[in-house]
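The numbering used here applies: residue 1191 is where the sequence shown begins, and numbers increase by one. Positions of the beta carbon are idealized from the N, C-alpha and C atoms, including for glycine.
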Amino acid sequence: MLVFALAGSTYGEFETIYGLIPIFVALSIALGYDALVGMCMSGMAVAVGFASATTNPFTIGIAQTFGDLPMFSGLAYRWIIFAVFYLVAVLLVMRYALKVKKDPTKSVLYGMDYSAFQVERSDDIQFTIRHKILMLGMVVTVGTIVFGSLKLGWYINEMSAVFIISGILSSLVAKKGPEAICKDLITALSEMTVAMIVVGLSRAILVIMQNGVIIDTVIHGMNSLMDGLPAWATAEMMLVVQNIINFFIPSGSGQAAAIMPIMIPLADLSEVNRQIAVLAYQFGDGFSNLLWPTASCTIMCGIAKIPMGKWYRFFLPIFAVFFVLQFIFIFIAVQINYS
1191 MLVFALAGST YGEFETIYGL IPIFVALSIA LGYDALVGMC MSGMAVAVGF
1241 ASATTNPFTI GIAQTFGDLP MFSGLAYRWI IFAVFYLVAV LLVMRYALKV
1291 KKDPTKSVLY GMDYSAFQVE RSDDIQFTIR HKILMLGMVV TVGTIVFGSL
1341 KLGWYINEMS AVFIISGILS SLVAKKGPEA ICKDLITALS EMTVAMIVVG
1391 LSRAILVIMQ NGVIIDTVIH GMNSLMDGLP AWATAEMMLV VQNIINFFIP
1441 SGSGQAAAIM PIMIPLADLS EVNRQIAVLA YQFGDGFSNL LWPTASCTIM
1491 CGIAKIPMGK WYRFFLPIFA VFFVLQFIFI FIAVQINYS
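In structure tokens:
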């Protein structure tokens, strides 16, 4: 969780994690936990890091540019925020994981079929040179994707191609024939069909709201609620508004471009430091990615085969804790004139 949280917080890792979620779900089940723990180890960890960003260029970088602030300024306070949110996330996940380990019937997913993620466990299986090469190949795959996304501007298409190539090469190392490779590829693609449909439907909602100019009306109405409030209340209302707006604009960079030109002047009029406006945007854009059905959680749940209802049953109490922490950090930022 620490590795993925740091990746999300520093260089903006997010979509790349989708391809790794099945691996961590399988690992979690093999260790005696459930799919939720596997998703938290990967997807939730990177989302928490992305939300409690330190040098995330896709959120902090763009928002501070709109606010005419020095790039990545205010870093010390954001590192404190990252440490608190990471530790809270780990404690809450470990608490649930230990409960499931002790009594599998306590799992939110108890009774569901996850045989597709189960791996063979046997004391007779030797950890051979071939296994080590395959594991090294996975490390190289992730490293290639990280390098490509940072230095070469890669996105979903290029990352997907790397995963497919890696899968084919791994099959060759495992001495599988062409027929077995094709069968594995078809099985893997079919497992992603549900996630593809979920993504398409969630994006359809956004298309309707954009073409109907509904988003603009919502943003204007929400910002009008903040007129005349004291500084601390304006900052807290910014946080609430940003969380709601993330339902309509789940893209971090897109939301920054749409909302920061409104929030920055509003912060100036309310005598709220611009850095606090950026912080409210950062929180609102980030943590609700694990909440709204138009955001990333639907994709992650589709990949991990976790019903949305069961995800909400697990995550809503955690989100409540996160939301209280967001309120506290925004209030402290106003009191210390965070700049």
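Touching or not, the segment 1509-1522 and the segment 1272-1280, by the rule of three or more beta carbon pairs under 8 Å? Touching, per the Cβ criterion.
What are the start and end residues of each continuous beta strand (DSSP E) run of 3 or more residues lying completely inside the segment 1449-1495, in chain order? Runs of the beta strand (DSSP E) lying entirely within the segment 1449-1495 and spanning at least 3 residues: none are present.
In chain order, what residues of the same chain have a beta carbon less than 6 Å from the beta carbon of asparagine 1479, not counting five sequence neighbours either side? Ala1237, Ala1485 and Ser1486, listed in sequence order.
Is there at least one Cβ from chain B nearer than 7 Å to glycine 1233's Cβ? Here there is only one protein chain, and chain B is not present.
So, do the segment 1240-1249 and the segment 1194-1204 have three or more beta carbon pairs nearer to each other than 8 Å? Segments in contact, yes.
Short of 6 Å in beta carbon distance, which residues of its chain neighbour alanine 1457, apart from the five on each side in sequence? Order them along the chain. Arg1464 and Ala1467, listed in sequence order.
For alanine 1216, tell me which candidate among Arg1285, Thr1407, Ala1494 and Met1453 has the shortest Cα-Cα distance. Of Arg1285, Thr1407, Ala1494 and Met1453, the residue nearest in Cα terms is Ala1494.
Exposed or buried, asparagine 1347, counting other C-beta atoms within 10 Å across all chains shown (16 or more means buried)? An exposed status is given to asparagine 1347, since fewer than 16 other beta-carbon atoms sit within 10 Å of its beta-carbon.
Collapsed DSSP secondary structure at serine 1242 in the structure displayed: In the three-state reduction of the DSSP assignment, serine 1242 falls in the coil class, being assigned neither a helical nor a strand state.
Check whether glycine 1257 and isoleucine 1439 have beta carbons under 7 Å apart: No, the pair does not count as a contact, with Cβ atoms beyond the cut-off.
Extract the residue ranges of the alpha helix (DSSP H) inside the segment 1337-1371, only unbroken runs of 4 or more that lie entirely within it. Here the runs fully enclosed are 1346-1363.
Using the Cβ count rule (16 or more neighbours within 10 Å means buried), how would you classify asparagine 1527? Result: exposed.
Using the C-alpha atoms, what's the distance from phenylalanine 1307 back to glycine 1418? Going from the Cα of glycine 1418 to the Cα of phenylalanine 1307 covers about 54 Å.
Alpha-carbon to alpha-carbon, lysine 1291 and leucine 1324: Here the alpha carbon of leucine 1324 sits roughly 29 Å from the alpha carbon of lysine 1291.
Identify the continuous alpha helix (DSSP H) that holds lysine 1292 and give its terminal residues. Counted as a single uninterrupted DSSP element, the alpha helix (DSSP H) harbouring lysine 1292 occupies residues 1265-1292.
Throw me the rounded Cβ distance for the isoleucine 1250 and phenylalanine 1262 pair, which I believe falls under 8 Å. Right, the Cβ-Cβ distance comes to about 6 Å (below 8 Å), so this counts as a contact.
Expressed to the nearest angstrom, what Euclidean distance is found between the alpha-carbon atoms of leucine 1469 and alanine 1421? Going from the Cα of leucine 1469 to the Cα of alanine 1421 covers about 14 Å.
Taking buried to mean at least 16 other C-beta atoms within 10 Å of its own C-beta, is isoleucine 1575 buried or exposed? The first residue shown for the chain is 1191 and the last is 1529, placing residue 1575 beyond what the model contains.
Residue environment, glutamine 1400, which counts as buried when at least 16 other CB atoms sit within 10 Å: Its Cβ having fewer than 16 others within 10 Å, glutamine 1400 is exposed.
Candidates Arg1503, Ile1449 and Ile1371: which alpha carbon is nearest isoleucine 1358's? The residue with the shortest Cα to Cα distance from isoleucine 1358 is Ile1371.
Under three-state DSSP, which class holds proline 1507? Look at proline 1507 here: in three-state DSSP terms it is helix.
Among Ser1460, Ala1394, Ile1252 and Gln1472, which residue has its Cα nearest to the Cα of isoleucine 1435? Nearest of Ser1460, Ala1394, Ile1252 and Gln1472 to isoleucine 1435, Cα basis: Gln1472.
So, with DSSP's three-state summary, where would you put leucine 1415? In this structure, leucine 1415 counts as coil in the three-state DSSP scheme.
Return the first residue and the last residue of the alpha helix (DSSP H) that alanine 1225 is part of. Residue range 1225-1229 is occupied by the alpha helix (DSSP H) that includes alanine 1225.
Taking all protein chains shown into account, do 16 or more other C-beta atoms lie within 10 angstroms of the C-beta of alanine 1193, making it buried, or fewer, making it exposed? The question names alanine, yet the displayed sequence has valine at residue 1193. It counts as exposed.
Distance CB(serine 1232)-CB(isoleucine 1252) smaller than 7 Å: No, Cβ-Cβ distance for serine 1232 and isoleucine 1252 is not below 7 Å.
Would alanine 1287 and valine 1227 qualify as a contact pair, given that the criterion is a beta-carbon distance under 7 Å? Yes, they are a contact pair.
Asparagine 1527 (DSSP reduced to helix, strand or coil): DSSP places asparagine 1527 outside both helix and strand once states are collapsed to three, so it counts as coil.
Residues near serine 1356 in its chain [Cβ-Cβ closer than 7 Å; skip 5 each side]: Apart from sequence neighbours up to five positions away, the residues of its chain that approach serine 1356 with a beta-carbon distance below 7 Å are Gly1327 and Thr1331, ordered along the chain.
Given aspartate 1293 as reference, the closest of Asp1224, Thr1334, Met1349 and Met1302 once Cα atoms are compared: Out of Asp1224, Thr1334, Met1349 and Met1302, Asp1224 has the C-alpha closest to the C-alpha of aspartate 1293.
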